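Participant:
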Amino acid sequence: MPLALVTGATGYVGGRLVPQLLDAGYEVRVLVRDEGKARAHAWSGDVQIHQGDASRPDDVRAAMEGVDVLYYLLHSIGTGDDFMRTESDMARSFADAAQAAGTGRIVYLGGMVPEGEELSEHLESRKVVGDVLLESGVPTAILQAGIVIGSGSASFEMLRYLTERLPVMVTPRWVHTRIQPVAIRDVLHYLVGCADLPADVNRRFDIGGPDVLTYFDMMQRYAAVAGLPKRRVLPVPILSPTLSSHWIGLITPVPAALARPLVESLRNTVVAADHDIAEHVPDPEGGLTGFDEAVELALTKIQNLDVPTRWSSAATAGAPSEPLPSDPDWAGGSLYVDERTREVDAPPEDLWRIIEGIGGRNGWYSWALAWWVRGILDRIVGGPGLRRGRRDQRDLRVGDALDFWRVEATDDHSFLRLRAEMRVPGLAWLELRVGSTEGGTTTFHHRALFHPRGLFGHAYWWAVWPFHGIIFGSMQRNIARAAERLND
């Protein structure tokens with residue numbers, strides 16, 4: 000079987016592409032920075048998992064050995080002012096490795112590049128990456144898409160929350176820009192089909208759905224499909240992308256750092272210049288998915304709690320990669336610890352059931368107002384806040400976003416470690432552990448850790464320390480009570 004290497008396999012598109020390739024008969028290898036995140040996926044037992052860093056050429060060359068087709072699904076959106084250089088350097092590293100390994104095909108998912116328009120930095124970077132791959136000497140197919148409509152995509156979540164939460168909206172002029180959205184199922188169809196293109200095909204393809212709409216049209220049609228009243232939109236020409244992104248960051252789960260490049264790209268017309276892709280990869284049986292149908296499919300998956308990947312599946316840009324305080328190679332320095340232990344009159348499985356269900360709609364079992372205020376403050380300064388929620392209301396796996404935390408480790412229904420992704424002057428973790436059982440009670444260990452950065456980091460810890468007894472103390476107490484009530 001031909002071997003396909005999927006990069007970005009724990010992200011939104013890559014996590015859905017892997018099972019599609021397996022179903023199509025490909026052997027699949029994934030390159031991931033954290034093997035634990037890949038192991039959390041249902042397809043992990045059917046693929047080769049290569050742990051490595053996509054920014055390190057040696058790791059890239061090792062992952063490319065024996066690969067027939069490379070799926071390049073890496074993006075550095077929202078990583079700072081130098082993200083264009085980061086993206087082009089990383090693409091060049093993969094291009095060189097693919098050529099050296101004798102890879103037969105590269106497939107890249109980028110964005111549409113409208114002719115005659117000044118591109119947003121986001122779209123310009125996508126174009127540059129495409130150019131690097133096309134010039135690699137390896138046959139390359141660049142799929143250029145506009146807004147992707149699917150449960151859990153960043154663009155869909157932005158559209159969904161703006162429409163549902165704001166019956167009357169003050170918006171910038173980009174609400175009248177023409178857009179050709181495409182359903183995620185059609186994107187996956189073309190991605191799989193491009194693996195088998197003839198060697199003489201080395202070009203860009205625009206891919207889009209059957210509807211060309213404005214963002215205003217999309218909001219109105221979303222409202223109709225979702226059974227909401229017609230939305231009213233008041234365009235304001237002076238609303239800059241920066242202001243728009245902060246506003247979106249407050250209203251939707253998409254943080255301002257990610258919203259800004261998405262908003263800036265909405266000023267460009269993203270309508271397919273052609274449909275040449277159908278000459279090489281036939282359209283899906285039954286035709287392309289219309290906008291209304293794509294929205295209905297996405298909402299059904301959300302309602303059925305059947306969202307396999309979300310935009311938050313990928314690590315937050317700039318997330319810390321330093322070792323844990325519990326790691327043998329911890330570099331030292333200041334480390335603040337708040338540790339609590341409690342005996343719970345409940346079996347271990349009941350306590351774990353409550354622990355694994357924290358966050359999202361279930362909340363954090365403590366001072367709800369304080370968590371809500373902390374989430375609002377985090378969003379104001381550009382963090383994710385609490386609105387990311389959780390992928391599944393009952394299950395957690397490594398790599399899941401959990402409000403403004405991310406699941407870093409979970410083990411044998413007894414241990415959960417969360418790494419903070421809210422804006423704090425340092426590194427923060429929260430650990431919950433189900434301990435030994437004696438005399439009918441179960442030990443519940445609760446530990447918060449903070450590694451400060453600079454003087455402000457130390458000041459931050461001591462400023463919030465008086466609240467720990469209220470927040471963490473009541474959190475442990477209420478989790479214990481909830482577990483005990485399961486047996487009542």
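Each residue of the sequence shown is one higher than the one before, counting from 0 in numbering that gives the first Met the number 0. Quick reminder that beta carbons are idealized off the backbone N, C-alpha and C, glycines included. Please read all numbers here as calculations on a predicted model, not as lab measurements.
Out of Val174, Arg184 and Tyr107, which one is the CA nearest neighbour of Gly149?
Facilitator: Within the sequence shown, the letter at position 150 stands for residue 149. Looking at the Cα atoms, Arg184 is the closest of the given residues.
Participant: Contact defined as beta carbons within less than 8 angstroms: I believe Leu385 pairs with Trp366. What is the distance between those atoms, to the nearest angstrom?
Facilitator: Looking up residue 385 in the sequence shown gives position 386. Looking up residue 366 in the sequence shown gives position 367. The Cβ separation is near 13 angstroms, so there is no contact.
Participant: Please report the residue range of the beta strand (DSSP E) in which Asp488 lies.
Facilitator: For residue 488 there is no data in the structure shown, the boundaries of the chain being 0 and 487.
Participant: Can you say whether Phe455 is buried or exposed, counting buried as having 16 or more other CB atoms within 10 angstroms of its CB?
Facilitator: Locating residue 455 in the sequence shown gives position 456, counting from the first residue. Phe455 comes out exposed.
Participant: Just reading off the beta strand (DSSP E) that Trp428 is part of, what are its end residues?
Facilitator: Position 429 of the sequence shown holds residue 428. Per DSSP, Trp428 is one residue of the beta strand (DSSP E) stretching across Gly425 to Glu437.
Participant: Please list, in chain order, all residues of the same chain as Ile357 whose beta carbon is under 7 angstroms from its beta carbon, the five residues on each side excluded.
Facilitator: To locate residue 357, count along the sequence shown from 1; it is residue 358. Excluding residues within five positions, the ones whose Cβ falls inside 7 angstroms are Trp363 and Tyr364.
Participant: If you draw a straight line from the alpha carbon of Ala153 to that of Ile206, how long is it in whole angstroms?
Facilitator: Along the sequence shown, read from residue 1 onward, the residue named residue 153 stands at position 154. Along the sequence shown, read from residue 1 onward, the residue named residue 206 stands at position 207. Taking the straight line from one Cα to the other gives about 18 angstroms.
Participant: By Cβ distance, which residues of its chain are closer than 8 angstroms to Glu64, with the 5 residues on each side in sequence left out?
Facilitator: What you label residue 64 is simply residue 65 of the sequence shown in a count that begins at 1. Taking Glu64 as the centre and dropping the five residues before and after it, the same chain places the C-beta of Ala100 closer than 8 angstroms to its C-beta, in chain order.
Participant: Would DSSP call Gly317 helix, strand or coil?
Facilitator: In the sequence shown, counting from the first residue as 1, residue 317 sits at position 318. Low local confidence applies: a pLDDT of 35 at Gly317 is under 50, so the model's placement there is unreliable, and no value is given.
Participant: Across which residues does DSSP place Ala419 in a beta bridge pair?
Facilitator: Looking up residue 419 in the sequence shown gives position 420. Per DSSP, Trp404.
Participant: Alpha carbon to alpha carbon, what distance is there between Val191 and Asp22?
Facilitator: Here residue 22 refers to the residue found at position 23 when the sequence shown is read from its first residue. Here residue 191 refers to the residue found at position 192 when the sequence shown is read from its first residue. Straight-line Cα distance between these residues: approximately 10 angstroms.
Participant: Check whether the stretch 438 to 447 touches the stretch 344 to 361, taking contact to mean three or more Cβ pairs, one atom from each stretch, closer than 8 angstroms.
Facilitator: yes
Participant: Just to check my reading of the structure: Leu475 and Arg373 have Cβ atoms closer than 8 angstroms, yes? What is that Cβ distance to the nearest angstrom?
Facilitator: Numbered from 1 along the sequence shown, position 476 holds the residue referred to as residue 475. Numbered from 1 along the sequence shown, position 374 holds the residue referred to as residue 373. The residue you asked about is not Leu; residue 475 is Gln in the sequence shown. Incorrect: roughly 18 angstroms between the Cβ atoms, too far for contact.
Participant: In the stretch 26 to 70, which residue ranges form an unbroken beta strand (DSSP E) of at least 3 residues, counting only runs that do not cross its ends?
Facilitator: 26 to 31 and 47 to 50
Participant: Which parts of the stretch 345 to 373 are runs of the alpha helix (DSSP H), unbroken and 4 residues or longer, counting only runs that do not cross its ends?
Facilitator: 347 to 355
Participant: Decide if Ser119 is buried, meaning its Cβ has at least 16 other Cβ atoms within 10 Å, or exposed.
Facilitator: Sequence index remark: in the sequence shown, residue 119 carries index 120 (1-based). Buried.
Participant: With a Cβ-Cβ cutoff of 8 angstroms, do Thr299 and Leu227 count as a contact?
Facilitator: Within the sequence shown, residue 299 is the residue found at index 300, counting from 1. Within the sequence shown, residue 227 is the residue found at index 228, counting from 1. It is not a contact, given that the beta carbons lie outside the stated cut-off.
Participant: Can you pull the DSSP bridge partners for Val167?
Facilitator: Position 168 of the sequence shown, counted from the first residue, corresponds to residue 167. Answer by DSSP bridge pairing, in chain order: Arg231.
Participant: Does the stretch 286 to 303 come within contact of the stretch 400 to 418, defined as at least 3 CB pairs closer than 8 angstroms?
Facilitator: no
Participant: Considering just the uninterrupted stretch of the alpha helix (DSSP H) at Pro465, what are its terminal residues?
Facilitator: Taking the first residue of the sequence shown as position 1, residue 465 is located at position 466. Gly453 to Arg484 is the extent of the alpha helix (DSSP H) around Pro465.
Participant: Among Val131, Phe204, Asp130 and Met218, which one has its Cα closest to the Cα of Trp173?
Facilitator: Along the sequence shown, one-based indexing puts residue 173 at 174. Checking every option, the nearest Cα to that of Trp173 belongs to Met218.
Participant: Taking Tyr221 as the reference, which of Asp57, Met157, Glu407 and Glu26 has the closest Cα?
Facilitator: Within the sequence shown, the letter at position 222 stands for residue 221. Answer by Cα proximity: Met157.
Participant: By DSSP, does Ala3 sit in helix, in strand, or in coil?
Facilitator: On the sequence shown, position 4 is the one that residue 3 refers to. DSSP places Ala3 within a strand segment (E or B) once states are collapsed to three.
Participant: Using 10 angstroms around the beta-carbon of Asp328, count the other beta-carbons present and answer buried if the total reaches 16, otherwise exposed.
Facilitator: As a working note, residue 328 is residue 329 in the sequence shown. Only weak support is given to the placement of Asp328: the predicted model assigns it a pLDDT of 41, under 50, and the value that follows is read from those uncertain coordinates. With fewer than 16 Cβ atoms within 10 Å of its Cβ, Asp328 is classed as exposed.
Participant: According to DSSP, is Thr162 helix, strand or coil?
Facilitator: Along the sequence shown, read from residue 1 onward, the residue named residue 162 stands at position 163. Three-state result, Thr162: helix.
Participant: Can you tell me where the beta strand (DSSP E) with Thr288 in it begins and where it stops?
Facilitator: Here residue 288 refers to the residue found at position 289 of the sequence shown. No beta strand (DSSP E) contains Thr288, which DSSP labels as neither H nor E.
Participant: In its own chain, which residues sit with a C-beta less than 6 angstroms from the C-beta of Gly109, not counting the 5 before and 5 after it?
Facilitator: For this step, residue 109 is matched to residue 110 along the sequence shown. These residues qualify, in order along the chain: Arg125, Gly129, Ile141 and Gln143.
Participant: Along the chain, where does the beta strand (DSSP E) that runs through Arg341 open and close?
Facilitator: The residue you call residue 341 lines up with position 342 of the sequence shown. First-last of the beta strand (DSSP E) with Arg341: Tyr335 to Val343.
Participant: Tell me, please, whether the stretch 23 to 41 touches the stretch 84 to 94 by the rule of three or more beta-carbon pairs shorter than 8 angstroms.
Facilitator: No, the stretch 23 to 41 does not touch the stretch 84 to 94.
Participant: State the Cα-Cα distance for the pair Tyr214 and Glu86, rounded to the nearest angstrom.
Facilitator: Walking along the sequence shown from the start, residue 214 turns up at place 215. Walking along the sequence shown from the start, residue 86 turns up at place 87. If you take the alpha carbons of Tyr214 and Glu86, they lie about 28 angstroms apart.
Participant: How should Arg387 be labelled, buried or exposed, when 16 other C-beta atoms within 10 angstroms of its C-beta is the threshold for buried?
Facilitator: For the purposes of this step, residue 387 is taken as residue 388 along the sequence shown, with counting starting at 1. Answer is buried; the Cβ neighbour count reaches 16.
Participant: Classify Val336 as buried or exposed, calling it buried when 16 or more other Cβ atoms lie within 10 Å of its own Cβ.
Facilitator: Within the sequence shown, the letter at position 337 stands for residue 336. Result: exposed.
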